[in-house]
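A.B. asks: Numbering (our numbering), first residue to last: 5 to 867.
Heads up, the beta-carbon is just placed ideally off N, CA and C, and yes, glycines get one too.
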Amino acid sequence: MKLYFSQHFHLFLLLSLGIGTNVSAAQDIERGVSRRLASQRKATLSEIEYDVSLELQKTKPIRASIEVRFHLDNTASPLVLDFNAPEANIQQIQLNQTAIQPEIKNGHIIIPQAQLQSGKQALYIDFIAGNLSLNRNEEFLYTLLVPDRASTVFPCFDQPDLKAKFRLQLDLPTGWVASANGALLAKETIGKRTRVQYQQTKPISTYLFAFAAGNFQTVTRKLGGRTMTMYHRETDQEKVERNLNDIFMIHTLALDWMEDYTKIDYPFEKFDFVLIPSFQYGGMEHIGNIFYKADKLLLEKSATLDQKLSRASLIAHETSHMWFGNLVTMEWFDDVWLKEVFANFMAAKIVHPRFPMINHDLGFMLKHHPQAYGEDRSRGTYPIQQKLDNLKNAGTLYGGIIYKKAPIVMRQLETMIGRAELQKGLQEYLAKFSYGNAVWDDLIDILDKRSDVNLKQWSTVWVKEAGTPEIDSRMQDQLLAIKQTRATKKEKFWAQQIDIKVVADGKTTFQVRAMIDGETTEIPVPVKREDYDFYLANGSELGYGYFRLDNKSKAYLLDHITSVENDVTRGAAWLALYESLIRGQGDGISATRFLNTLKAGLDTEQEPLNRQNILRQLSTVFWKFLTPAQRMQYAPSVEAALWKWIDSETDTPNGPTLNAKSTYYKSLVKIASTADSIQRLYTIWETESDVNGLPLAETDFMTLAYELAIRRPNQSDKILATQLARLENEDRKKRFAFVVRSLSPDQTERDTFFDSLKAASNRRPERWVLDGLEYLHHPLRAVSSEKYILPSLELLEEIQVTGDIFFPKRWLDATFSGHRSPAAAQLVTQFLADRPEYPQRLKNKILQAADLLLKVGQESQPQ
Numbered sequence: 005m006k007l008y009f010s011q012h013f014h015l016f017l018l019l020s021l022g023i024g025t026n027v028s029a030a031q032d033i034e035r036g037v038s039r040r041l042a043s044q045r046k047a048t049l050s051e052i053e054y055d056v057s058l059e060l061q062k063t064k065p066i067r068a069s070i071e072v073r074f075h076l077d078n079t080a081s082p083l084v085l086d087f088n089a090p091e092a093n094i095q096q097i098q099l100n101q102t103a104i105q106p107e108i109k110n111g112h113i114i115i116p117q118a119q120l121q122s123g124k125q126a127l128y129i130d131f132i133a134g135n136l137s138l139n140r141n142e143e144f145l146y147t148l149l150v151p152d153r154a155s156t157v158f159p160c161f162d163q164p165d166l167k168a169k170f171r172l173q174l175d176l177p178t179g180w181v182a183s184a185n186g187a188l189l190a191k192e193t194i195g196k197r198t199r200v201q202y203q204q205t206k207p208i209s210t211y212l213f214a215f216a217a218g219n220f221q222t223v224t225r226k227l228g229g230r231t232m233t234m235y236h237r238e239t240d241q242e243k244v245e246r247n248l249n250d251i252f253m254i255h256t257l258a259l260d261w262m263e264d265y266t267k268i269d270y271p272f273e274k275f276d277f278v279l280i281p282s283f284q285y286g287g288m289e290h291i292g293n294i295f296y297k298a299d300k301l302l303l304e305k306s307a308t309l310d311q312k313l314s315r316a317s318l319i320a321h322e323t324s325h326m327w328f329g330n331l332v333t334m335e336w337f338d339d340v341w342l343k344e345v346f347a348n349f350m351a352a353k354i355v356h357p358r359f360p361m362i363n364h365d366l367g368f369m370l371k372h373h374p375q376a377y378g379e380d381r382s383r384g385t386y387p388i389q390q391k392l393d394n395l396k397n398a399g400t401l402y403g404g405i406i407y408k409k410a411p412i413v414m415r416q417l418e419t420m421i422g423r424a425e426l427q428k429g430l431q432e433y434l435a436k437f438s439y440g441n442a443v444w445d446d447l448i449d450i451l452d453k454r455s456d457v458n459l460k461q462w463s464t465v466w467v468k469e470a471g472t473p474e475i476d477s478r479m480q481d482q483l484l485a486i487k488q489t490r491a492t493k494k495e496k497f498w499a500q501q502i503d504i505k506v507v508a509d510g511k512t513t514f515q516v517r518a519m520i521d522g523e524t525t526e527i528p529v530p531v532k533r534e535d536y537d538f539y540l541a542n543g544s545e546l547g548y549g550y551f552r553l554d555n556k557s558k559a560y561l562l563d564h565i566t567s568v569e570n571d572v573t574r575g576a577a578w579l580a581l582y583e584s585l586i587r588g589q590g591d592g593i594s595a596t597r598f599l600n601t602l603k604a605g606l607d608t609e610q611e612p613l614n615r616q617n618i619l620r621q622l623s624t625v626f627w628k629f630l631t632p633a634q635r636m637q638y639a640p641s642v643e644a645a646l647w648k649w650i651d652s653e654t655d656t657p658n659g660p661t662l663n664a665k666s667t668y669y670k671s672l673v674k675i676a677s678t679a680d681s682i683q684r685l686y687t688i689w690e691t692e693s694d695v696n697g698l699p700l701a702e703t704d705f706m707t708l709a710y711e712l713a714i715r716r717p718n719q720s721d722k723i724l725a726t727q728l729a730r731l732e733n734e735d736r737k738k739r740f741a742f743v744v745r746s747l748s749p750d751q752t753e754r755d756t757f758f759d760s761l762k763a764a765s766n767r768r769p770e771r772w773v774l775d776g777l778e779y780l781h782h783p784l785r786a787v788s789s790e791k792y793i794l795p796s797l798e799l800l801e802e803i804q805v806t807g808d809i810f811f812p813k814r815w816l817d818a819t820f821s822g823h824r825s826p827a828a829a830q831l832v833t834q835f836l837a838d839r840p841e842y843p844q845r846l847k848n849k850i851l852q853a854a855d856l857l858l859k860v861g862q863e864s865q866p867q
């Protein structure tokens, strides 16, 4: 592959712009990739291949070249490539070995019709790679190109339905290694640098092209006839060795399961994965080259069962994407949910054999319903499938509805048509569209033939319309009447199956699965009106919506939920009580009443997943719903309940497991408010000791130092300086030093930290920024941090452009995390009121993230 550069050619290009007919031809080319541009290119381009070559540097600009080969069906319109980097980065452009003079406009390279010809074409470009999505530092770099960021690095046709074959060459600094989509083809040393070349890939979408390079260690294993390599930067070799077997085994199990379920062998050439410190997401499913956030896979000794399950689910999720998303890809990012729902849906199935000790129905419910409700109950809710006019806005489509609600809807679909029929339909779908693209309606067409249910109507309500069912019920003599709100003004209702459970005399006396598909459904029940203790219209993981508790059931559960015998039923009851608290509306429960119920649950709950959920709810109630005075009133009893389990001997008949003790300890660190608890935690940190047999890792002591610095401002500098000196891993040192600036007891220093985030260059790595924001807005500093809310909102549109897909929502979550006051709520309300034309999707994200703040803040206002 040739690699050469002209240092002055970009000046020639600038002088030639605006000459001839290509200006008028390009006048309608907007920034981003519009649906119209994407459709036009799809109709005229095929057989696309990219040869990409980059000279990677630790700090200097990265010189690069690309050769793009393709078949052009006609020359009826200009040829438009996407390159969203500074115009001066382009150094030379040739079309079929002839220098050309394209127009550069709005992040596009526009070649006029006069310079085009039909048939096979070869476009060659020398350029400086764009930095936005290269995630560079002196030790390593990696690409992250989803959803439309490939064109921020190199010129390309950046849309998911123009799949292409990629061939990559990297020139690396001394000591660096690299991982890419394709298998390694050749490696040679040239002076002090190393050149690596990779085999051409099968057709993939541009957002799936990826490489990582830097000072990584590698571990290669062969399991089940597959060779896999893990790249990582962890310096604690004991931690690496402790996790290796599980990491490789779960990947192997996931691959085997997917091959068996789909009846399609792993569809790509290789399977490696890279563990990146502070990676923006849990994982990203690059073909043959999955990227993970390192600490999601390399767990500490004290990892909870929930963390181990999350790791397995994450690995299964990314592995499932090799079929759902990579082998078959959505045509347009309005169907991005499609690949995510199948990855989540399959992951839930895959992890079952690995965790036979877990109640997976309960696990599915607690992993999906709370987060889905969190966004769907807000005024910023949206449909699973959203409209998208330009790929530049594709990042705004991601959220809890896609990742959490959609798998619940998919489980409903499986229940309606049957597991076997769904599996056969998915096998047909994958076979039909292999290495191509498809839309949701393609799958519905396939499944509709296998079902007696009108799936197209069902899909319209659940997938294409926003909102959540609100369902009331009333117990009569031997009859339960269920009434739901209408989904739309078009007489449509949410059709779904629900598991109804009725409990009398402390035991489940009746349970039935019923379909509700109209305004009113009546279910015969063999219980008299006065004889039941409580009932749940949604007593399992199957149903979805706000199932309002009747007063008798609510009162009983607040006093006796710990006596509910079935783990899933008890989990559903906890969710029902929590939603009653959150939604209020006159039929809710008080925060202090619910807190007392949660404390009772802490004393008795033995189911690990329910216990974790209780602790999450308790933390929310404590910080969001209690006033500062109420916190100090209830803190001693809450902390005592947690210390009781932490101080108990592990694995005794009545004692906690090590997993349970770790769960209680991590909750205590976040909640600790009394002087006694803070002193005990300080002693643990100061002496670097374990916690009654619970070992603490370097990351545990980092978190403990953060929390103590907030609670003991007079000792903050000493605590943070001491902890920084203790750290051995360089990546963790840099992260800690970044976050420390947000913890200063000096308000001026905290102001300086926040002001620094106004520059996009200082908002990387994003995970560090979010850590800093969360401590900046800690509930104990909420009053002094209210002034950051408005400027944080004012930055949101810029953050959507410069940040990765989850960053805008997470920026908002961190900003609102510690606030509950009417003043804070008013800042959000006024910001939106002053901007009636504000982008709707960003407005939705504000309303989602601020949902609890707006509810609690408005309720706290004096009447």
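For LEU731, I'd like the list of residues in its chain whose CB is within less than 7 angstroms of its CB, leaving aside the five on either flank, ordered along the chain.
C.D. replies: Answer for LEU731: GLU702, LYS737, PHE740, listed in chain order.
A.B. asks: Nearest by alpha-carbon distance to THR102: which of LEU318, GLN125, VAL84 is it?
C.D. replies: Per the Cα distances, GLN125.
A.B. asks: Output needed for THR256: all residues of its chain with C-beta closer than 6 angstroms, excluding positions within five of it in sequence on either side, in chain order.
C.D. replies: These residues qualify, in order along the chain: LEU227, GLY228.
A.B. asks: Look up LEU149 in the DSSP assignment and say whether it is helix, strand or coil.
C.D. replies: In this structure, LEU149 counts as coil in the three-state DSSP scheme.
A.B. asks: THR596 and GLN634: beta carbons closer than 8 angstroms?
C.D. replies: Taking 8 angstroms as the Cβ cut-off, THR596 and GLN634 qualify as a contacting pair.
A.B. asks: Would you identify the three-state DSSP class for SER796, choosing helix, strand or coil?
C.D. replies: SER796: helix per DSSP, three-state reduction.
A.B. asks: Are the beta-carbon atoms of PRO177 and ARG237 separated by less than 8 angstroms?
C.D. replies: Result no, Cβ atoms of PRO177 and ARG237 do not sit closer than 8 angstroms.
A.B. asks: How about GLY429 and ILE412: do their beta carbons lie closer than 8 angstroms?
C.D. replies: No.
A.B. asks: If I'm right that MET234 touches LEU148 with Cβ under 8 angstroms, what's the distance once you round it to whole angstroms?
C.D. replies: Not confirmed; about 19 angstroms, so no contact.
A.B. asks: Under 8 angstroms, do LYS206 and PHE272 count as touching if we go by C-beta distance?
C.D. replies: Contact: yes.
A.B. asks: Name the residue from ASN249, ASP452, GLN616 whose alpha carbon lies nearest to the alpha carbon of GLU432.
C.D. replies: The shortest C-alpha separation from GLU432 is found at ASP452.
A.B. asks: So is GLN482 buried or exposed if we call it buried at 16+ other beta carbons inside 10 Å?
C.D. replies: When all chains shown are included, GLN482 counts as exposed.
A.B. asks: Could you tell me if LEU794 is buried or exposed, where buried requires 16 or more neighbouring beta carbons within 10 angstroms of its beta carbon?
C.D. replies: With fewer than 16 other Cβ atoms within 10 Å, it is exposed.
A.B. asks: Quick one: residues in its chain with C-beta nearer than 7 angstroms to the C-beta of VAL27, no 5 flanking neighbours on either side, listed in chain order?
C.D. replies: Residue placement at VAL27 is poorly supported in this model, since its pLDDT is 33, which falls under 50; the coordinates still yield a value, given next. Cβ within range, chain order: GLU107.
A.B. asks: How many angstroms separate the CA atom of GLY776 from the CA atom of ARG745?
C.D. replies: Whole-angstrom Cα-Cα distance: 8 angstroms.
A.B. asks: Can you tell me whether THR524 is buried or exposed, with buried defined as 16 or more other CB within 10 angstroms of its CB?
C.D. replies: By the 10 Å Cβ count, THR524 comes out exposed.
A.B. asks: Could you tell me if LYS243 is buried or exposed, where buried requires 16 or more neighbouring beta carbons within 10 angstroms of its beta carbon?
C.D. replies: Flag for LYS243 reads buried.
A.B. asks: Is the beta carbon of VAL465 closer than 8 angstroms to that of TRP444?
C.D. replies: Going by C-beta atoms, TRP444 is not nearer than 8 angstroms to VAL465.
A.B. asks: Considering only C-alpha positions, which residue in the set SER681, ILE618, ILE475, ASN88 is nearest to SER641?
C.D. replies: With distances taken between Cα atoms, SER641 lies closest to SER681.
A.B. asks: With the cut-off set at 8 angstroms, would you say THR308 and ARG381 are in Cβ contact?
C.D. replies: No, the Cβ-Cβ distance between THR308 and ARG381 is not below 8 angstroms.
A.B. asks: Nearest CA to the CA of ALA818: which residue from SER825, SER693, GLY36, TRP772?
C.D. replies: Selected option, being the one with the closest Cα: TRP772.
A.B. asks: Going by alpha carbons, who is nearest to ASN141 out of LYS813, ASN766, SER788, TYR779?
C.D. replies: The shortest C-alpha separation from ASN141 is found at ASN766.
A.B. asks: Could you please give me the residues that DSSP links to TYR539 through a beta bridge?
C.D. replies: The partner list for TYR539 (beta bridge, DSSP) reads VAL506.
A.B. asks: CA-CA distance, PHE810 and LYS436?
C.D. replies: Their Cα atoms are separated by approximately 32 angstroms.
A.B. asks: Can you give the beta carbon distance from VAL332 to GLY422, rounded, assuming they're within the 8 angstroms contact cut?
C.D. replies: With a Cβ gap of about 22 angstroms, VAL332 and GLY422 do not count as contacting.
A.B. asks: Which term fits LEU562, buried or exposed, when burial requires 16 or more other beta carbons within 10 angstroms of its beta carbon?
C.D. replies: Buried.
A.B. asks: Could you tell me if MET479 is buried or exposed, where buried requires 16 or more neighbouring beta carbons within 10 angstroms of its beta carbon?
C.D. replies: Looking at its Cβ environment, which holds 16 or more other Cβ atoms inside 10 Å, MET479 is buried.
A.B. asks: So what's LEU585 in DSSP terms, helix, strand or just coil?
C.D. replies: Residue state, collapsed to three classes: helix.
A.B. asks: Have a look at GLU245 and ALA154 and give me their C-alpha separation to the nearest angstrom.
C.D. replies: Distance between the alpha carbons of GLU245 and ALA154: 35 angstroms.
A.B. asks: Give me the DSSP bridge partner(s) of ILE294.
C.D. replies: DSSP, once it has assigned bridges, lists PHE277 as partnering ILE294.
A.B. asks: Pull up the DSSP beta-bridge partners for ASN441, would you.
C.D. replies: THR333.
A.B. asks: According to DSSP, is SER825 helix, strand or coil?
C.D. replies: Reduced to three states, the DSSP call for SER825 is coil.
A.B. asks: Do you know whose CA, among PHE359, GLY186, TYR686, THR323, lies nearest PRO717's CA?
C.D. replies: Measuring from the Cα of PRO717, the nearest candidate turns out to be TYR686.
A.B. asks: Within 10 Å of its beta-carbon, does VAL860 have 16 or more other beta-carbons around it, so buried, or fewer, so exposed?
C.D. replies: Classification of VAL860: buried, given that the 10 Å Cβ count is 16 or more.
A.B. asks: If you run the structure through DSSP and keep just helix, strand and coil, what is ASP162?
C.D. replies: Here ASP162 sits in coil by DSSP.
A.B. asks: Could you pull out every unbroken alpha helix (DSSP H) segment of at least 4 residues lying fully inside the segment 626-696, listed in chain order?
C.D. replies: Taking only runs of at least 4 residues, the alpha helix (DSSP H) segments lying wholly in the segment 626-696 are 632-651, 662-675, 679-691.
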